[in-house]
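Participant:
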Amino acid sequence: MRWSQTFIPTMKEVPSEAEVPSHQLMLRAGLIRQLMAGAYTYLPLGYRSVRKVSEIVREEMDRAGAIELFMPALQPIEIFERTGRKEAFGNVLFNFEVKRGDRKLHFALGPTHEEVITDLMAKHISSYRQLPVTLYQIQTKFRNEERPRFGVLRTSEFIMKDAYSFGSSLEQLNAAYDAMYNAYCRIFERCGLKYLPVEAESGPIGGDASHEFMVPASNGEDFVVHCPTCSYAANQERAETGRTATLVDPVQAAAAPVTVPTPNAGSIEQVSRLLKADPQSFIKTLIYKADGKPVAVLLRGDHSANEGKVRRATGAASVELADEATILKVTNAPTGFAGPIGLLCPYVVDHDVAKIPVGIVGANAKDAHLTGVIPGTHFEIPRTFDLRNAETGDPCPKCAGALQMVHGIEVGHVFKLGTKYSVSMDARFVDAQEQSHPIIMGCYGIGVTRVVASIVETCHDANGIIWPVNVAPYTVQIIPLNVTDTEVMNVTNKIYGELTAAGIDVLMDDRDQRPGFKFKDADLIGIPLRITVGGKGLAEGITEVKWRASADTHKVSIAETVGFVKNLIDQAR
RNA sequence: CGGGAUGUAGCUCAGCUUGGCUAGAGCGCUACGUUCGGGACGUAGAGGCCGCAGGUUCAAAUCCUGUCAUCCCGACCA
Numbered sequence: 021m022r023w024s025q026t027f028i029p030t031m032k033e034v035p036s037e038a039e040v041p042s043h044q045l046m047l048r049a050g051l052i053r054q055l056m057a058g059a060y061t062y063l064p065l066g067y068r069s070v071r072k073v074s075e076i077v078r079e080e081m082d083r084a085g086a087i088e089l090f091m092p093a094l095q096p097i098e099i100f101e102r103t104g105r106k107e108a109f110g111n112v113l114f115n116f117e118v119k120r121g122d123r124k125l126h127f128a129l130g131p132t133h134e135e136v137i138t139d140l141m142a143k144h145i146s147s148y149r150q151l152p153v154t155l156y157q158i159q160t161k162f163r164n165e166e167r168p169r170f171g172v173l174r175t176s177e178f179i180m181k182d183a184y185s186f187g188s189s190l191e192q193l194n195a196a197y198d199a200m201y202n203a204y205c206r207i208f209e210r211c212g213l214k215y216l217p218v219e220a221e222s223g224p225i226g227g228d229a230s231h232e233f234m235v236p237a238s239n240g241e242d243f244v245v246h247c248p249t250c251s252y253a254a255n256q257e258r259a260e261t262g263r264t265a266t267l268v269d270p271v272q273a274a275a276a277p278v279t280v281p282t283p284n285a286g287s288i289e290q291v292s293r294l295l296k297a298d299p300q301s302f303i304k305t306l307i308y309k310a311d312g313k314p315v316a317v318l319l320r321g322d323h324s325a326n327e328g329k330v331r332r333a334t335g336a337a338s339v340e341l342a343d344e345a346t347i348l349k350v351t352n353a354p355t356g357f358a359g360p361i362g363l364l365c366p367y368v369v370d371h372d373v374a375k376i377p378v379g380i381v382g383a384n385a386k387d388a389h390l391t392g393v394i395p396g397t398h399f400e401i402p403r404t405f406d407l408r409n410a411e412t413g414d415p416c417p418k419c420a421g422a423l424q425m426v427h428g429i430e431v432g433h434v435f436k437l438g439t440k441y442s443v444s445m446d447a448r449f450v451d452a453q454e455q456s457h458p459i460i461m462g463c464y465g466i467g468v469t470r471v472v473a474s475i476v477e478t479c480h481d482a483n484g485i486i487w488p489v490n491v492a493p494y495t496v497q498i499i500p501l502n503v504t505d506t507e508v509m510n511v512t513n514k515i516y517g518e519l520t521a522a523g524i525d526v527l528m529d530d531r532d533q534r535p536g537f538k539f540k541d542a543d544l545i546g547i548p549l550r551i552t553v554g555g556k557g558l559a560e561g562i563t564e565v566k567w568r569a570s571a572d573t574h575k576v577s578i579a580e581t582v583g584f585v586k587n588l589i590d591q592a593r
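Taking our numbering, the leading residue of the first sequence gets 21, the next gets one more, and so forth.
Put into structure tokens, the structure is as follows:
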């Protein structure tokens with residue numbers, strides 16, 4: 021492609037609305053333009069990368085035995101009512117009414133396609149002999165993001181690959197899951213991304229039923245907890261800590277706790293400032309409702325509760341922070357003054373609370389706290405649990421190492437669904453004994469456009485993008501330094517023609533611009549290989565070949581240039 | 001949805017506090033000339049409903065009210 025014949029609007033200056041590197045660079049390099057918050061046009065260059073990633077995804081899905089189909093984005097609201105996800109999605113689901121004749125129809129735009137595909141399978145699968153099968157599509161998804169941000173990393177409309185497996189047994193589910201997991205590793209590998217498969221919250225199935233694929237990036241919205249010594253990695257929701265139970269014996273002849281006034285100081289931060297005490301010496305008492313019943317969670321003051329862990333520790337199906345009225349009922353005080361002593365509900369205690377020698381707690385009375393509280397002495401600790409989010413330095417649950425936290429961008433998710441949707445959509449099969457069962461499902465997603473943004477986010481330098489070879493919009497950029505020089509253009513056209521004929525994507529910068537201008541643009545758009553053809557080189561009979569990622573320039577004879585470049589590409593793939 | 005910020009040329013921004021000439025700069029764009037191996041220079045130009053609506057005033061980019069949009073922090077994210 022000749023630059024003058026395509027559409028690559030590059031920008032020298034950083035648009036003021038863009039904060040993170042991927043957003044800035046994608047705008048500046050002419051990859052995307054914003055239509056409104058959360059919706060972007062992919063310009064020719066950006067769309068080429070989207071297609072390269074899609075093609076890699078497609079090849080690996082096919083290799084893993086998944087079958088491609090294409091489902092409607094426009095869906096009747098009824099199917100979301102059947103699975104209860106109209107409520108579960110809430111505002112995130114685009115749903116609206118349209119008139120058709122004198123009728124009103126209620127539609128949704130698909131945020132994902134479990135309902136549609138399960139409905140399809142329900143109608144066509146009847147026997148275990150038809151299973152297993154895994155289907156996928158690459159399609160635009162719609163989610164009414166409360167807060168679109170970071171350019172293309174979080175949008176209301178995005179391209180996603182979603183796959184769904186259907187099986188008659190857990191063995192079939194596990195096989196499909198493993199096939200997808202391995203395919204994902206190959207996909208991200210081929211895209212040139214550094215990625216981390218992490219254990220994620222797995223819902224009702226439990227075990228290792230869900231993994232997220234995260235790209236470590238400082239602007240990532242998620243936290244990944246991982247152990248550098250072993251391979252343990254999990255998201256913050258899920259991450260266990262290797263801490264163990266600590267029980268303390270009651271101290272004999274301990275002084276009683278002292279009540280101190282703390283007017284209008286209901287947060288740890290306020291009280292610690294008022295009493296000039298470190299938050300680590302506080303025992304934070306959070307009132308939750310576990311299946312509707314109040315239960316208190318005791319944590320060290322500087323820690324944050326993990327609701328999944330609280331749910332498991334209390335054995336409840338659902339857990340939420342209690343409302344003001346419940347707090348008043350069990351603590352006789354407004355929010356901010358809860359403590360374990362004299363509390364009118366049961367409590368669970370985090371491991372680290374028992375290690376606080378002498379702590380500060382809420383007094384269960386308005387505007388008062390207790391100091392000099394000894395855990396295990398002034399309130400009982402029959403047992404301790406892991407109730408908080410993992411933090412840097414916590415012991416690894418799998419080895420002797422220490423955990424680290426990194427930010428990450430979620431680019432993929434594999435999930436063992438079980439029978440949630442097949443039950444509600446009535447997708448069943450009969451086994452060899454003529455017994456009917458719901459189909460066992462898995463779902464597997466990759467955010468294709470988010471993959472592209474993640475690549476830009478992690479592969480760039482001060483001058484612009486540095487595309488990995490397999491996902492670059494073009495593989496080679498050839499720059500004739502003087503387009504009015506016949507000799508230069510003859511050589512350029514010859515190399516361009518031969519590389520194109522060899523099936524290599526080449527972009528020729530045929531604009532009548534000064535060399536510096538073109539070099540800057542080339543660095544910005546980040547095509548991996550650059551061939552420079554200029555008068556000085558031609559005088560020596562050479563062209564210059566350079567990787568975008570490296571400062572080294574190879575001087576290659578004109579005749580050998582095409583072969584040399586083909587060779588480099590082959591090695592890089 | 002809570003908190004904060006910003007809307008002036010295609011892009012980046014000044015002007016607004018203290019209302020008053022024809023609303024500015026740099027980059028980009030057009031024409032001509034000189035240049036031509038890392039975002040050249042000169043000359044001459046084009047380009048603005050100062051986000052939108054209402055109000056105050058003799059007079060509003062500037063003050064007031066409302067509204068819309070975008071960005072950031074937080075909450076949310078099967």
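Positions of the beta carbon are idealized from the N, C-alpha and C atoms, including for glycine.
Can you tell me whether PRO29 is buried or exposed? The criterion is at least 16 other CB atoms within 10 Å of its CB, across all chains shown.
Facilitator: Here the question's residue 29 lines up with position 9 in the first sequence. So PRO29 counts as exposed.
Participant: Are the segment 386-405 and the segment 276-289 touching, with three or more C-beta to C-beta distances below 8 Å?
Facilitator: A contact exists between the segment 386-405 and the segment 276-289.
Participant: Can you tell me where the alpha helix (DSSP H) holding ALA237 begins and where it ends?
Facilitator: Within the first sequence, numbered from 1, the residue matching residue 237 stands at position 217. Neither: ALA237 is in no alpha helix (DSSP H) and is coded neither H nor E.
Participant: Can you tell me which of the three DSSP states GLU80 falls into?
Facilitator: What you label residue 80 is simply residue 60 of the first sequence in a count that begins at 1. Three-state DSSP puts GLU80 in a helix.
Participant: Just to confirm my understanding: we take PRO168, look at its own chain, exclude 5 residues before and 5 after, and list those with CB closer than 7 Å. What are they?
Facilitator: Stepping through the first sequence from its first residue, residue 168 is reached at position 148. ALA57, GLY58, ARG174, THR175 and SER176, listed in sequence order.
Participant: Would you kindly check if the distance between the Cβ of LEU306 and the Cβ of VAL317 is under 8 Å?
Facilitator: Along the first sequence, read from residue 1 onward, the residue named residue 317 stands at position 297. Along the first sequence, read from residue 1 onward, the residue named residue 306 stands at position 286. Cβ atoms of VAL317 and LEU306: closer than 8 Å.
Participant: Take ILE97 and list the residues in its own chain whose beta-carbon comes closer than 8 Å to its own, dropping the five residues that flank it on each side.
Facilitator: By 1-based counting over the first sequence, the position of residue 97 is 77. Only LYS106, ASN115, HIS126, PHE127 and ALA128 meet the Cβ criterion.
Participant: Would you say the segment 390-406 touches the segment 358-372, given that touching needs at least three Cβ pairs under 8 Å?
Facilitator: Counting Cβ pairs under 8 Å, three or more are found: they touch.
Participant: Determine whether the beta carbon atoms of ASN490 and GLY104 lie at a separation below 8 Å.
Facilitator: Here residue 490 is taken as the residue at index 470 of the first sequence, counted from 1. Here residue 104 is taken as the residue at index 84 of the first sequence, counted from 1. For ASN490 and GLY104, no; Cβs fall outside 8 Å.
Participant: Pop quiz: ASP370 and GLU260 are said to be a contact at Cβ under 8 Å. What is the actual Cβ separation, rounded to whole angstroms?
Facilitator: Within the first sequence, numbered from 1, the residue matching residue 370 stands at position 350. Within the first sequence, numbered from 1, the residue matching residue 260 stands at position 240. About 13 Å separates the two Cβ atoms, so there is no contact after all.
Participant: Helix, strand or coil for ASP541 per DSSP?
Facilitator: Counting from one through the first sequence, the residue named residue 541 turns up at place 521. Note: ASP541 maps to helix in three-state DSSP.
Participant: Determine the contact status of VAL508 and VAL553, defining contact as a CB-CB distance below 8 Å.
Facilitator: On the first sequence, residue 508 is found 488 positions in, with the first residue counted as 1. On the first sequence, residue 553 is found 533 positions in, with the first residue counted as 1. Against a cut-off of 8 Å, the Cβ pair of VAL553 and VAL508 comes out as a contact.
Participant: Once DSSP output is grouped into helix, strand and coil, what is the label at SER577?
Facilitator: Taking the first residue of the first sequence as position 1, residue 577 is located at position 557. In the structure shown, SER577 sits in a strand (DSSP, three-state: E or B).
Participant: Could you check the C-alpha separation between GLY321 and GLU411 for me, to the nearest Å?
Facilitator: Position 301 of the first sequence, counting from 1, holds the residue named residue 321. Position 391 of the first sequence, counting from 1, holds the residue named residue 411. If I take the Cα positions, the gap works out to 14 Å.
Participant: Could you tell me the alpha carbon to alpha carbon distance between LYS181 and VAL73, rounded to whole angstroms?
Facilitator: Position 161 of the first sequence holds residue 181. Position 53 of the first sequence holds residue 73. Each residue's alpha carbon lies about 10 Å from the other.
Participant: Give the secondary structure of GLU560 by DSSP, where H, G and I count as helix, E and B as strand, and everything else as coil.
Facilitator: Looking up residue 560 in the first sequence gives position 540. In this structure, GLU560 counts as helix in the three-state DSSP scheme.
Participant: Tell me which residue opens and which closes the alpha helix (DSSP H) that LYS296 is part of.
Facilitator: Position 276 of the first sequence holds residue 296. Per DSSP, LYS296 belongs to no alpha helix (DSSP H) and is neither H nor E.
Participant: In this structure, does DSSP put SER42 in helix, strand or coil?
Facilitator: Here the question's residue 42 lines up with position 22 in the first sequence. If DSSP states are grouped into helix, strand and coil, SER42 belongs with the helices.
Participant: Looking at TYR252: is its Cβ nearer than 8 Å to the Cβ of CYS416?
Facilitator: To locate residue 252, count along the first sequence from 1; it is residue 232. To locate residue 416, count along the first sequence from 1; it is residue 396. Contact: yes.
Participant: Where does LEU190 land, buried or exposed, given buried means 16+ other C-beta within 10 angstroms?
Facilitator: Your numbering for residue 190 matches position 170 in the first sequence. Exposed, because fewer than 16 other Cβ atoms sit within 10 Å of the Cβ of LEU190.
Participant: From the DSSP output, in three-state form, read off ALA254 for me.
Facilitator: Here residue 254 refers to the residue found at position 234 of the first sequence. Reduced to three states, the DSSP call for ALA254 is strand.
Participant: Using a 10 Å radius around the Cβ and a threshold of 16 neighbouring Cβ atoms, would you call SER474 buried or exposed?
Facilitator: The count along the first sequence starts at 1 and reaches residue 474 at position 454. SER474 comes out buried.
Participant: With DSSP as the reference, identify every bridge partner of HIS246, one or two as the case may be.
Facilitator: By 1-based counting over the first sequence, the position of residue 246 is 226. Answer is ALA253 and GLN424, bridged to HIS246.
Participant: Tell whether a beta-carbon distance below 8 Å holds between GLY187 and ALA199.
Facilitator: As a position in the first sequence, residue 187 is number 167, starting the count at 1. As a position in the first sequence, residue 199 is number 179, starting the count at 1. No, the pair does not count as a contact, with Cβ atoms beyond the cut-off.
Participant: Assign GLY523 to buried or exposed, taking buried as 16 or more other Cβ atoms, counted over all protein chains shown, within 10 Å of its Cβ.
Facilitator: As a first step, residue 523 is located in the first sequence; it is residue number 503 there, counting from the start. Label assigned to GLY523: exposed.
Participant: If you run the structure through DSSP and keep just helix, strand and coil, what is CYS365?
Facilitator: Along the first sequence, one-based indexing puts residue 365 at 345. Three-state DSSP puts CYS365 in coil, outside helix and strand.
Participant: Is the beta carbon of GLU219 sitting closer than 8 Å to the one on HIS433?
Facilitator: Taking the first sequence and counting its residues from 1, one reaches residue 219 at position 199. Taking the first sequence and counting its residues from 1, one reaches residue 433 at position 413. Their beta carbons are not under 8 Å apart, which means GLU219 does not touch HIS433 by this criterion.
Participant: What is the DSSP secondary structure of ILE204, counted as helix, strand or coil?
Facilitator: Working through the first sequence from its first residue, we reach residue 204 at position 184. Note that residue 204 corresponds to Tyr in the displayed sequence, not to Ile. Looking at TYR204 - three-state DSSP - the assignment turns out to be helix.
Participant: So, at 6 Å on beta carbons, what are the nonlocal neighbours of THR249 in its own chain, with the 5 sequence-adjacent residues on each side left out?
Facilitator: Position 229 of the first sequence, counted from the start, is the residue given in the question as residue 249. Excluding positions up to five away in sequence, the list reads CYS419 and GLY421.
Participant: In the DSSP assignment, what residue or residues form a beta bridge with GLY85?
Facilitator: Locating residue 85 in the first sequence gives position 65, counting from the first residue. Paired residues: none, contrary to the question.
Participant: For the putative contact between SER442 and ILE459, defined by C-beta atoms under 8 Å, what is the C-beta separation to the nearest angstrom?
Facilitator: Locating residue 442 in the first sequence gives position 422, counting from the first residue. Locating residue 459 in the first sequence gives position 439, counting from the first residue. Indeed, because the Cβ distance is near 4 Å, the residues count as touching under 8 Å.
Participant: Are there three or more Cβ pairs, one per stretch, closer than 8 Å when the segment 494-505 is compared with the segment 520-535?
Facilitator: Contact between the segment 494-505 and the segment 520-535 is present, because at least three Cβ pairs lie under 8 Å.
Participant: What's the gap between the Cα of ALA337 and the Cα of ILE547?
Facilitator: Counting from 1 along the first sequence, the entry for residue 337 is found at position 317. Counting from 1 along the first sequence, the entry for residue 547 is found at position 527. Rounded to whole angstroms, ALA337 to ILE547 spans 52 Å at the Cα level.
Participant: Using 8 Å as the threshold, is the C-beta distance between LEU527 and ARG48 below it?
Facilitator: Counting from 1 along the first sequence, the entry for residue 527 is found at position 507. Counting from 1 along the first sequence, the entry for residue 48 is found at position 28. Against a cut-off of 8 Å, the Cβ pair of ARG48 and LEU527 comes out as no contact.
Participant: Within 8 Å, do at least three Cβ pairs link the segment 450-459 to the segment 143-151?
Facilitator: Because the criterion of three Cβ pairs below 8 Å is met, the segment 143-151 and the segment 450-459 touch.
Participant: What would DSSP say about PRO64, mapped onto helix, strand or coil?
Facilitator: In the first sequence, residue 64 corresponds to position 44, counting from 1. Three-state result, PRO64: helix.
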